[in-house]
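**Q** The structure under discussion is supplied below as structure tokens; questions concerning it will follow.
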Amino acid sequence: MRLIHSMAAALLLFSAPVLSGAGVIWVEGEEARNTSFSPGVAPLSDGRAAGASGGLYLKNDRADASGKEAPRFAEYEFKVAEPGSYRLWIASTPLVTGWASPYSIGWLDRPERTDMAGKKYRGVPYGRGKNEQFFFWHDAGTRDFPAAGTYTLRIETGTPRASDSKVVVFIDALALTSDLNQLPAGNSPAGSPGALPAPPKGTLVWREAELPDESNLGVRANVPFLNEKGQGASGGMYFNIDRKADAEKAPEGYYAQYDFNIPAPGAYHVWIAATPFNAGWASPCSIRWDDEPAIDLAGRRPYSPPYGFDHPRAYFFWTKAGVKNFTKAGKHTLRVIADRPRGNTDNIRVFLDAIALTADPAWAPRGNRPPGSPWQGVPKGATPEERKANFRKAIYDIQMQTYPAKLAETNEEWNPETTAEVLRKMKARPLPAPSAIGSRKQLRFGLHGIEKPFVQVGADEERTAAALDLLARAGVEFLRTAEPCWHRLGNVPGTFDYRQLDYEMSLARKHGMKLMLTMGFAPAQYGKGRGNKLAACKPEYYGLYRDYLDDLFRHVPEEMIHSVELANEVDASHVWWVGDSTPEDYVEEAKMTCDALKRAYPNRKFPFLGFSATWSSVERDRAEGRGRAWVERAFDAGADRCFDAYSLHYTWSPPKWGFADWMRAERAKRGFAPKPLHNSEESCYGHPGDLMKLFARNLFLQDMESVTYFLSRDFQEVGNLLYSGLFDLNWQPKLRLLAYAASTDAMRGRKLVGMADPATGLEAYVLEKESDDAYGPRYAIVGWALDRAEEGMHSSQKAHSVNVSGWRGVREAVSWRLDPVPPNSDGSITVPNEPLTVYADELPEWRLLTPKEWRERKVAVTVRGQDAGILPGQALPDGR
Numbered sequence: 004m005r006l007i008h009s010m011a012a013a014l015l016l017f018s019a020p021v022l023s024g025a026g027v028i029w030v031e032g033e034e035a036r037n038t039s040f041s042p043g044v045a046p047l048s049d050g051r052a053a054g055a056s057g058g059l060y061l062k063n064d065r066a067d068a069s070g071k072e073a074p075r076f077a078e079y080e081f082k083v084a085e086p087g088s089y090r091l092w093i094a095s096t097p098l099v100t101g102w103a104s105p106y107s108i109g110w111l112d113r114p115e116r117t118d119m120a121g122k123k124y125r126g127v128p129y130g131r132g133k134n135e136q137f138f139f140w141h142d143a144g145t146r147d148f149p150a151a152g153t154y155t156l157r158i159e160t161g162t163p164r165a166s167d168s169k170v171v172v173f174i175d176a177l178a179l180t181s182d183l184n185q186l187p188a189g190n191s192p193a194g195s196p197g198a199l200p201a202p203p204k205g206t207l208v209w210r211e212a213e214l215p216d217e218s219n220l221g222v223r224a225n226v227p228f229l230n231e232k233g234q235g236a237s238g239g240m241y242f243n244i245d246r247k248a249d250a251e252k253a254p255e256g257y258y259a260q261y262d263f264n265i266p267a268p269g270a271y272h273v274w275i276a277a278t279p280f281n282a283g284w285a286s287p288c289s290i291r292w293d294d295e296p297a298i299d300l301a302g303r304r305p306y307s308p309p310y311g312f313d314h315p316r317a318y319f320f321w322t323k324a325g326v327k328n329f330t331k332a333g334k335h336t337l338r339v340i341a342d343r344p345r346g347n348t349d350n351i352r353v354f355l356d357a358i359a360l361t362a363d364p365a366w367a368p369r370g371n372r373p374p375g376s377p378w379q380g381v382p383k384g385a386t387p388e389e390r391k392a393n394f395r396k397a398i399y400d401i402q403m404q405t406y407p408a409k410l411a412e413t414n415e416e417w418n419p420e421t422t423a424e425v426l427r428k429m430k431a432r433p434l435p436a437p438s439a440i441g442s443r444k445q446l447r448f449g450l451h452g453i454e455k456p457f458v459q460v461g462a463d464e465e466r467t468a469a470a471l472d473l474l475a476r477a478g479v480e481f482l483r484t485a486e487p488c489w490h491r492l493g494n495v496p497g498t499f500d501y502r503q504l505d506y507e508m509s510l511a512r513k514h515g516m517k518l519m520l521t522m523g524f525a526p527a528q529y530g531k532g533r534g535n536k537l538a539a540c541k542p543e544y545y546g547l548y549r550d551y552l553d554d555l556f557r558h559v560p561e562e563m564i565h566s567v568e569l570a571n572e573v574d575a576s577h578v579w580w581v582g583d584s585t586p587e588d589y590v591e592e593a594k595m596t597c598d599a600l601k602r603a604y605p606n607r608k609f610p611f612l613g614f615s616a617t618w619s620s621v622e623r624d625r626a627e628g629r630g631r632a633w634v635e636r637a638f639d640a641g642a643d644r645c646f647d648a649y650s651l652h653y654t655w656s657p658p659k660w661g662f663a664d665w666m667r668a669e670r671a672k673r674g675f676a677p678k679p680l681h682n683s684e685e686s687c688y689g690h691p692g693d694l695m696k697l698f699a700r701n702l703f704l705q706d707m708e709s710v711t712y713f714l715s716r717d718f719q720e721v722g723n724l725l726y727s728g729l730f731d732l733n734w735q736p737k738l739r740l741l742a743y744a745a746s747t748d749a750m751r752g753r754k755l756v757g758m759a760d761p762a763t764g765l766e767a768y769v770l771e772k773e774s775d776d777a778y779g780p781r782y783a784i785v786g787w788a789l790d791r792a793e794e795g796m797h798s799s800q801k802a803h804s805v806n807v808s809g810w811r812g813v814r815e816a817v818s819w820r821l822d823p824v825p826p827n828s829d830g831s832i833t834v835p836n837e838p839l840t841v842y843a844d845e846l847p848e849w850r851l852l853t854p855k856e857w858r859e860r861k862v863a864v865t866v867r868g869q870d871a872g873i874l875p876g877q878a879l880p881d882g883r
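So this is what it looks like as structure tokens:
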């Protein structure tokens, strides 16, 4: 009797599909909604007709050592469309022989359970070959369903089989039949996926998930997710859903929709490579083909082991999402829907890597390049240099698949016209003589990102040289690099590879620039990070640590050094000072570094910087010992006896203005003498002109000695596009380079005379020349109109510009884009929200305020700040 009826060919055969009102409700054994079976999903197929239904089954064959373990269980959902009486059939290991274990069953809507021990099977066994005839159909009785709905069956087992201590139960399939006299047989009875027509043998339809045809999230491809070992995502990227649930903007959840070109009709086995649907650190999801009902994959157990990068970033598992029967070839759409938060959070997180449809029931994928995958990874190359070059090209090609679309969502105005504008304006600026920078009293303007992976010896050296030429014209004075970190140089002092650091020094030296040396971080085998190199050195290797310091400082000439900075963001100890590392360990390394500096540079003038702090910007995580609690412990351990100055990160936005205040107050409270502060990593992701605000606020409002801008060129890391670069991915200059140049013109060689508030909603810095290398006349006034969010203004509209009077002796006004700004007919100058500089021979007719007075008058508002930054080549953990 054929129970699929005329509708069968158009119906889905996923977890608990309803084939017809009076047909079969079929569930594959591997599609348990919730289970503790171990090892779990297993394959069994010869690639043809023999094997488990659908090629997979649910397996438990673990020993019960104590006899007191909780029962193993598997729960299955049946969607009953029509009420009535149904017979339950279970295809499993036999219940009457000694080589398998018994089990019991029970419906969760009823209190009673049925012991299936001793129940005889019906028909003949099936499986693969002679020795793997595992499965027998068992009549599990009838029951009445009083109403349509979803009903859950729970199978439990805990009794070891007769021959040993193992609990052995395999579940292949379950079926509810409205025909109480039907007897299923084999792995493809009527009503099962195996009874449907199959596509031609060998058919495989593959779709990378990172670039859906439609989504309500925009461009969310996480790229690049690939390393030189070949680990990572299929194709080197994946689709990233990781945001707060939003009932208003996404009432039905977030989705990604994919078009498939189905070459031939038939039943296809559907596989999805994604974060698991049964784990608390990721969200479940559902899928919907064309206009058919959604299929919930929550609780579905993955088949494959995880892949991706090493733990904790092995995100992806292959999970079978059932069998889909297509009645006709051509275009079909699959929508993946994530509408439920993960764990006990309000965050929805699903990462999608690939989707595959196959005619082969034996195809059981693993990893990022399963058989038949169109992506074969990075070409190996005959030599190490060729392999590195191939990897760089692969990363570039991957990034360029999404970079233009992602950048189009920003304020960057990235196009050939703006690139030509920047080149024209920068080429018109003088190229400073190398000796000019070295003779300056103070070097304030730094840049992060002239190091790996942005700049590499032997790669793109011509474009790199051209970029350095433009950076010199823009006024960059020093470069921050992490290349001096011990683990980057090698394992054993005396055998270090300095080629990359030497290349960076040569680039800087050509233009008279210096280096900020971020150092420390021993190789993982010498550290306390439990395999993570971002950690303290173990005391037993302090001798090697001293050798590392001496070797490094012998190699780097004193005239090349702007400053030396020990490690990065160590107060974010869950990211950068991990494992068993402590603040006391940090102080011990600081003492060793301080001694090494005295030996190498007895008359040094450059500062030794501590902390490069970021997590201390606000009060948080004190109980975990992070942030300010970490810094306080370091001070208790004697840090202030080691460092000449301290570096902070991300201090320019209003919520972070108290960061420098806290650091100074904490030291004063302890009776320490004042020491300078530097900002060694700072960035902005709003308007390109905000760079001028960043420099002005840090140098003059926060009184920082120097500011290192992050980043040299755009970069995609951990799925986020860091578009704060002065250059694009191809080392073509962006508008931000003009804002950097406008900042150095206005602020280099100048001191703050006072801040001004000459008009409502204006932020202005009156600067006076104090050295001959300052550009222009005696005074430079840098200012911009504040919008309502920044100023807390009473107006309901944002202030796009302010007409400002009271100027005296004006020579010129220049925008952040290096364009002239003409005065109005009445002598006033219109100051927009984007910064401009007015150069004058005289002070304006304004009442000047100290930074403290100005801040007290300013309304505090919430502007999104930035937290722990990342050095290139490193990544934040996912927080699982």
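Counting in the working numbering, the sequence shown runs from 4 upward without gaps. Glycine residues also receive a C-beta, built at the ideal position from the N, C-alpha and C atoms.
What does the Cβ neighbour count give for P610, buried or exposed, with the cut at 16 atoms within 10 Å?
**A** Within the sequence shown, numbered from 1, the residue matching residue 610 stands at position 607. Per the 10 Å Cβ criterion, buried.
**Q** Smallest Cα separation from A151: which of Y743, I28, S709, A165?
**A** As a working note, residue 151 is residue 148 in the sequence shown. Per the Cα distances, I28.
**Q** At a cut of 8 Å, does the region 386-393 reach the region 291-307 through at least three beta carbon pairs?
**A** no
**Q** Have a look at P114 and I108 and give me their C-alpha separation to the nearest angstrom.
**A** The residue given as residue 114 occupies position 111 in the sequence shown. The residue given as residue 108 occupies position 105 in the sequence shown. Using only the alpha carbons, I get a separation of about 11 Å.
**Q** Where do the ends of the alpha helix (DSSP H) carrying Y551 lie?
**A** As a first step, residue 551 is located in the sequence shown; it is residue number 548 there, counting from the start. That run of the alpha helix (DSSP H) goes 545-558.
**Q** If I measure Cβ to Cβ from F280 and keep anything under 7 Å in the same chain, skipping five residues before and after, which residues do I get?
**A** What you label residue 280 is simply residue 277 of the sequence shown in a count that begins at 1. Cβ within range, chain order: P287, C288, L300, A301, G302, R303, T322.
**Q** Are three or more beta carbon pairs between the region 529-539 and the region 469-479 nearer than 8 Å?
**A** no
**Q** Please state whether DSSP places H681 in a helix, a strand or coil.
**A** Position 678 of the sequence shown, counted from the first residue, corresponds to residue 681. In this structure, H681 counts as strand in the three-state DSSP scheme.
**Q** If A176 sits next to G269, beta carbons under 8 Å apart, how far is it from one beta carbon to the other, in whole angstroms?
**A** As a first step, residue 176 must be located in the sequence shown, where it is residue number 173. As a first step, residue 269 must be located in the sequence shown, where it is residue number 266. In fact, because the Cβ distance is near 20 Å, the residues do not count as touching under 8 Å.
**Q** When DSSP labels each residue in this structure, what does A640 get in the three-state scheme?
**A** Translated into positions along the sequence shown, residue 640 becomes position 637. Coil, per DSSP.
**Q** Quick one: what's I340 bridged to in DSSP?
**A** For the purposes of this step, residue 340 is taken as residue 337 along the sequence shown, with counting starting at 1. Partner(s): Y258, S289.
**Q** How far does the alpha helix (DSSP H) with W489 in it reach, from first residue to last?
**A** Counting from one through the sequence shown, the residue named residue 489 turns up at place 486. That run of the alpha helix (DSSP H) goes 489-492.
**Q** What beta strand (DSSP E) runs, 3 residues minimum, are completely inside the region 730-763?
**A** 753-759
**Q** Go through its chain and collect everything with a Cβ distance to G630's Cβ below 6 Å, but skip five positions before and after it.
**A** By one-based count along the sequence shown, residue 630 stands at place 627. Taken in chain order, the residues that qualify are D574, W618, S619, R623, D624.
**Q** Please name the residue, chosen from I351, P377, H490, that lies closest to I358 on a Cα-to-Cα basis.
**A** Indexing the sequence shown from 1 puts residue 358 at position 355. The residue with the shortest Cα to Cα distance from I358 is P377.
**Q** Report buried or exposed for M750, applying the criterion of at least 16 other Cβ atoms within 10 angstroms of its Cβ.
**A** Along the sequence shown, read from residue 1 onward, the residue named residue 750 stands at position 747. It counts as buried.
**Q** If you compare alpha carbons, which of D693, T348, A193 is closest to D245?
**A** In the sequence shown, residue 245 corresponds to position 242, counting from 1. For D245, the nearest C-alpha among the options comes from T348.
**Q** Using DSSP with H/G/I as helix, E/B as strand and the rest coil, what is Y506?
**A** As a working note, residue 506 is residue 503 in the sequence shown. Residue state, collapsed to three classes: helix.
**Q** Could you tell me the boundaries of the beta strand (DSSP E) in which V841 lies?
**A** For the purposes of this step, residue 841 is taken as the residue at position 838 of the sequence shown. Element bounds for V841: 839-843.
**Q** Of the residues A236, S237, T278, G221, which one's Cα is nearest the Cα of Y258?
**A** Taking the sequence shown and counting its residues from 1, the one referred to as residue 258 is at position 255. Between Y258 and the set A236, S237, T278, G221, the nearest pair of CA atoms involves G221.
**Q** Can you check whether the CB of A570 is closer than 9 Å to the CB of E592?
**A** The sequence position of residue 592 within the sequence shown is 589, counting from 1. The sequence position of residue 570 within the sequence shown is 567, counting from 1. Yes, the pair counts as a contact, with Cβ atoms nearer than the cut-off.
**Q** Are there 16 or more other CB atoms within 10 angstroms of the CB of P909, so buried, or fewer, so exposed?
**A** The structure shown has nothing for residue 909, since the chain only spans 4 to 883.
**Q** DSSP state of R814, grouped into three classes?
**A** Sequence index remark: in the sequence shown, residue 814 carries index 811 (1-based). In this structure, R814 counts as strand in the three-state DSSP scheme.
**Q** So does the region 212-231 actually touch the region 177-188, counting three or more Cβ pairs closer than 8 Å?
**A** no
**Q** Can you tell me whether DSSP reads M563 as helix, strand or coil?
**A** Taking the first residue of the sequence shown as position 1, residue 563 is located at position 560. In this structure, M563 counts as helix in the three-state DSSP scheme.
**Q** With a threshold of 16 other CB atoms inside 10 Å of the CB of A640, please say whether the residue is buried or exposed.
**A** The sequence position of residue 640 within the sequence shown is 637, counting from 1. That one is buried.
**Q** Quick one: complete beta strand (DSSP E) runs, 3+ long, within the region 318-371?
**A** 320-329, 333-341, 350-361
**Q** Buried or exposed for V172, going by 16 or more other Cβ atoms inside 10 Å?
**A** If you number the sequence shown from 1, residue 172 lands on position 169. It counts as buried.
**Q** Give the straight-line distance between the Cα atoms of D342 and G130, rounded to the nearest whole angstrom.
**A** In the sequence shown, residue 342 corresponds to position 339, counting from 1. In the sequence shown, residue 130 corresponds to position 127, counting from 1. The alpha-carbon atoms of D342 and G130 are separated by roughly 38 Å.
**Q** Report the three-state DSSP secondary structure of S107 (helix, strand or coil).
**A** As a first step, residue 107 is located in the sequence shown; it is residue number 104 there, counting from the start. Note: S107 maps to strand in three-state DSSP.
**Q** Could you tell me the distance, in whole angstroms, from the CA atom of E412 to the CA atom of N836?
**A** As a working mapping, residue 412 is identified with position 409 in the sequence shown. As a working mapping, residue 836 is identified with position 833 in the sequence shown. Spanning the two alpha carbons is a distance of roughly 20 Å.
**Q** Does DSSP put S39 in a helix, a strand or coil?
**A** Working through the sequence shown from its first residue, we reach residue 39 at position 36. Correct three-state label for S39: coil.
**Q** In angstroms, rounded to a whole number, what distance separates the CA positions of R90 and P202?
**A** Mapped onto the sequence shown, residue 90 falls at position 87. Mapped onto the sequence shown, residue 202 falls at position 199. Looking at the two C-alpha atoms, the distance is approximately 31 Å.
**Q** With DSSP as the reference, label M796 as helix, strand or coil.
**A** Residue numbering aside, residue 796 sits at position 793 when the sequence shown is read from its first letter. Here M796 scores only 36 on pLDDT, less than 50, and its place in the model should not be relied on; the value that follows carries that caveat. Coil.
**Q** If you follow the beta strand (DSSP E) that L473 is in, where does it begin and where does it stop?
**A** Stepping through the sequence shown from its first residue, residue 473 is reached at position 470. Careful: L473 lies outside any beta strand (DSSP E), inside the alpha helix (DSSP H) at 464-477.
**Q** Relative to the alpha-carbon of K455, which residue among R447, E464, D64 has its alpha-carbon at the smallest distance?
**A** For the purposes of this step, residue 455 is identified with residue 452 of the sequence shown, where counting begins at 1. Nearest option by C-alpha distance: E464.
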